[in-house]
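Novice: Taken in order, these protein sequences are the chains called A and B.
In terms of our numbering, the first sequence is residues 168 to 347.
In terms of our numbering, the second sequence is residues 284 to 600.
In this text, a Cβ means the ideal position worked out from N, Cα and C, and glycines have one as well.
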Amino acid sequence: MKGVVFNILEDMVVEKGGVVLWQQLLNKAGVEGSYISVDTYEDAELFKIVHEVQKALNIPLEDVIRSFGDFMFAKLADRYPMFVEAESDLFGFLKSIEPVIHLEVQKLYTEANLPSIDCANGDHQRLVMNYRSPRKLCILAEGLIQGAATFYQTPITIDHDVCMHKESDHCELTISKVNV
Amino acid sequence: MSEDLELYKQAYERERKARLAAEDVLESRSRELFLKNQELEASLVQLKAQQDALIRSEKLATLGTLVSGVAHEINNPLSFVHSNVDTLGQHSEAIAKLYPLLIESLTLEESDRAAFAERVFKFLEEEDLEYFTQELDGLVSDTNDGVQRVKEIVRNLRSFARMDAQARTKADLNEGIRSTLKLINNQISANTRINLSLDEIPLVFCNPGEINQVLLNILVNAAQALEGQSEPTLNIASKVDQDWVEIKIGDNGKGMTQQVQKRIFEPFYTTKEIGKGTGLGLSISYGIISHHHGELLVESAPNRGTLFTIRLPIDGP
Numbered sequence: 168m169k170g171v172v173f174n175i176l177e178d179m180v181v182e183k184g185g186v187v188l189w190q191q192l193l194n195k196a197g198v199e200g201s202y203i204s205v206d207t208y209e210d211a212e213l214f215k216i217v218h219e220v221q222k223a224l225n226i227p228l229e230d231v232i233r234s235f236g237d238f239m240f241a242k243l244a245d246r247y248p249m250f251v252e253a254e255s256d257l258f259g260f261l262k263s264i265e266p267v268i269h270l271e272v273q274k275l276y277t278e279a280n281l282p283s284i285d286c287a288n289g290d291h292q293r294l295v296m297n298y299r300s301p302r303k304l305c306i307l308a309e310g311l312i313q314g315a316a317t318f319y320q321t322p323i324t325i326d327h328d329v330c331m332h333k334e335s336d337h338c339e340l341t342i343s344k345v346n347v
Numbered sequence: 284m285s286e287d288l289e290l291y292k293q294a295y296e297r298e299r300k301a302r303l304a305a306e307d308v309l310e311s312r313s314r315e316l317f318l319k320n321q322e323l324e325a326s327l328v329q330l331k332a333q334q335d336a337l338i339r340s341e342k343l344a345t346l347g348t349l350v351s352g353v354a355h356e357i358n359n360p361l362s363f364v365h366s367n368v369d370t371l372g373q374h375s376e377a378i379a380k381l382y383p384l385l386i387e388s389l390t391l392e393e394s395d396r397a398a399f400a401e402r403v404f405k406f407l408e409e410e411d412l413e414y415f416t417q418e419l420d421g422l423v424s425d426t427n428d429g430v431q432r433v434k435e436i437v438r439n440l441r442s443f444a445r446m447d448a449q450a451r452t453k454a455d456l457n458e459g460i461r462s463t464l465k466l467i468n469n470q471i472s473a474n475t476r477i478n479l480s481l482d483e484i485p486l487v488f489c490n491p492g493e494i495n496q497v498l499l500n501i502l503v504n505a506a507q508a509l510e511g512q513s514e515p516t517l518n519i520a521s522k523v524d525q526d527w528v529e530i531k532i533g534d535n536g537k538g539m540t541q542q543v544q545k546r547i548f549e550p551f552y553t554t555k556e557i558g559k560g561t562g563l564g565l566s567i568s569y570g571i572i573s574h575h576h577g578e579l580l581v582e583s584a585p586n587r588g589t590l591f592t593i594r595l596p597i598d599g600p
């Protein structure tokens, strides 16, 4: 996992609970905790910290991961504004993830293990995103999509019936715009 | 304590900002590096294409050397074969006329013999047939020699016919040396003494067309280095050295300085006049021998001459 993900998790914990809490969580997880965005670290290290966050907050793990995704989108948009500026609406942005964002990431970090995101089906109101990754972090993807929807001020619902955690080889995230 | 915590938070925030700034610089440099790398890769593709084009032009230059040599070698016997056939043609008409005379002689009356003999002698004198019959054997034998020489050149040319073939096979390198020498005979000045000392060597697993190209390059270079020398000598030897076959081609020509020797296998390096050499001959030769897992060595001294040694593994690479 790229270091930037660890950095954003740190930002989230520090914003909500302070530096002291972050250090306590690192100590409990038994990790050193110095991460730089461009480097790559073991996935297991991230999961150890997330597990400690979940224990500290005493909320379901899925909620922690989803909230983290939502928070991560805002931070990434702040750090790499060119990608959100290039697209004027939510669906346009989601469709640009694979051909634009992942392509740019691969150029800089050839070792990055990116998920496969396919937004082939859909219309103006509804978009089906097929997610495939050996990490099975579809809940994080849900949080990121929610974060993108907030950024583009587009209320949505996400249906996630086909899931890699339910014996499927991929996840289908159906994103529907909510008329307000 | 609370004041301390506040100060720690400020320090933490400052370090975090510094880290983010450093990471931004790193990412921007990585992006620049990626773009430069892309440019370099594009240049590399372009360079490779240019190099391929130059290698093709060098092959054409080698082919040009061969063609001029072959043309010269064929032209020489062809001119006297042509002259001999012309002479034979001129006299064949007269010889044809002898046949009816022969038939006529068989039916002659005794009284007509003297007059007939006078007619025949006059005819023989007019047509110069006495001289022709004396020369006939020589004409036919010279013509045969000429035709044999052309046949030999064509046979030598066959070893070059597969110059572009990639296939490796067992080849007689002594045969390669002999045929290459004959093909470039006209490029070696007539007063050059050629010492051939070819041991019996086993067949070598190689691409014979490519090895002949190397021999041709080295021999043509040697011939050029011998131009203007008072006693030009070319020593060519082959022998077996354990699992290797070794070919030595030495001349007592101009020779080379240490500085020149260091660069002769570099692509485009040439000491020849503009238009005389592409500067690729020896670098391609070096590449060919390397691909065969062999060695191409050079020893040289100014005004003393140059010795090239080609070493090839008998069983190939």
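1. Using the beta-carbon count (16 or more within 10 Å), is B:Y569 buried or exposed?
2. Listing by chain order, which chain B residues have their CB less than 8 Å from the CB of A:V205?
3. Is it the case that the Cβ atoms of B:L464 and B:L502 are separated by a distance below 8 Å?
4. Can you say whether B:E324 is buried or exposed, counting buried as having 16 or more other CB atoms within 10 angstroms of its CB?
5. B:K300 CB to nearest chain A CB: under 8 Å?
6. Does DSSP put A:Y298 in a helix, a strand or coil?
7. Please name the residues in the segment 254-278 of chain A whose beta-carbon is closer than 7 Å to at least one beta-carbon of chain B, in chain order.
8. Is there a Cβ of chain A sitting closer than 8 Å to that of B:K292, yes or no?
9. Given a cut-off of 8 Å on the beta-carbon distance, is the pair A:I306 and A:R233 in contact?
10. At a Cβ cut of 8 Å, what residues of the segment 194-223 of chain A count as close to chain B, listed as they run along the chain?
11. I need the straight-line Cα distance from B:A520 to B:Q507, nearest angstrom please.
12. Give the C-beta separation of A:Y208 and A:L257 to the nearest angstrom, bearing in mind that I take them to be a contact with Cβ-Cβ under 8 Å.
13. Cβ closer than 8 Å: which chain E residues qualify as neighbours of A:V186?
14. A:L188: which of A:C330, A:E219, A:E252, A:V295 sits nearest, CA to CA?
15. Look at the alpha carbon of B:K592 and the alpha carbon of B:L422, and state the distance between them as a whole number of angstroms.
16. Among all the DSSP beta bridges, which residues are the ones paired with A:T207?
17. Please name the residue or residues paired with B:A520 in a DSSP beta bridge.
18. Which one of B:I494, B:T553, B:F363, B:R476 has the shortest CA to CA distance from B:E458?
19. Does B:Q512 come out as helix, strand or coil in the three-state DSSP assignment?
20. For A:C286 and A:I203, I'd like the C-alpha separation in whole angstroms.
21. Any chance you could list the beta strand (DSSP E) runs of at least 3 consecutive residues sitting entirely within the segment 214-263 of chain A, in chain order?
22. Apply the 10 Å Cβ neighbour rule to B:H574 and answer buried if 16 or more other Cβ atoms are within range, or exposed otherwise.
23. Counting only the same chain and skipping the five closest in sequence on each side, list residues whose C-beta sits under 8 Å from that of B:V350.
24. Who are the Cβ neighbours of B:P596 in its own chain at under 7 Å, not counting the five residues just before and after it?
25. Whose CA, out of B:V430, B:E341, B:L316, lies closest to the CA of B:P360?
26. Quick one, which of B:I572, B:L580, B:T589, B:D534 has its alpha-carbon nearest B:G599's?
27. Can the beta-carbon of A:L261 be found closer than 8 Å to that of A:Q273?
28. In whole angstroms, what is the alpha-carbon distance linking A:G170 and B:I567?
29. Report back the beta-carbon spacing between A:H327 and A:L311 to the nearest angstrom; my notes put them in contact at under 8 Å.
30. Near A:A279, what residues of its chain come up, given a Cβ to Cβ distance below 7 Å and the 5 sequence neighbours on each side ignored?
31. Given that a residue counts as buried once 16 or more other Cβ atoms are within 10 Å of its Cβ, and exposed if not, what is B:E296?
32. Can you give me the C-alpha to C-alpha distance between A:I325 and B:D287, rounded to a whole angstrom?
33. Can you check whether the CB of A:K215 is closer than 8 Å to the CB of A:V198?
Specialist: Reading from the atomic positions:
1. buried
2. E306, L309, E310, S313
3. yes
4. exposed
5. no
6. Under the three-state reduction of DSSP output, A:Y298 falls in the strand class.
7. K274, L275
8. yes
9. yes
10. In summary, the residues of the segment 194-223 of chain A whose CB is separated from some CB of chain B by less than 8 Å are I203, S204, V205, in the order they occur in the chain.
11. Using only the alpha carbons, I get a separation of about 19 Å.
12. Going by Cβ atoms, the distance from A:Y208 to A:L257 rounds to 30 Å, so no, they are not a contact pair.
13. Within the model displayed, chain E is absent; protein chains A and B are what it includes.
14. A:E219
15. The sequence as given places Thr at residue 592 of chain B; Lys does not occur at that position. Near 44 Å, if we compare the C-alpha coordinates of B:L422 and B:T592.
16. A:K169, per the DSSP bridge assignment.
17. B:S480, B:K531
18. B:I494
19. coil
20. Cα to Cα, the separation comes out at about 31 Å.
21. none
22. exposed
23. none
24. D526, W527, H576, G577
25. Closest option to B:P360, Cα to Cα, is B:V430.
26. Residue B:I572 is the option with its Cα nearest to B:G599.
27. no
28. 49 Å
29. Not really, about 13 Å apart at Cβ, beyond 8 Å.
30. K169, V272, Q273
31. B:E296 is exposed by the Cβ-count criterion.
32. 45 Å
33. yes
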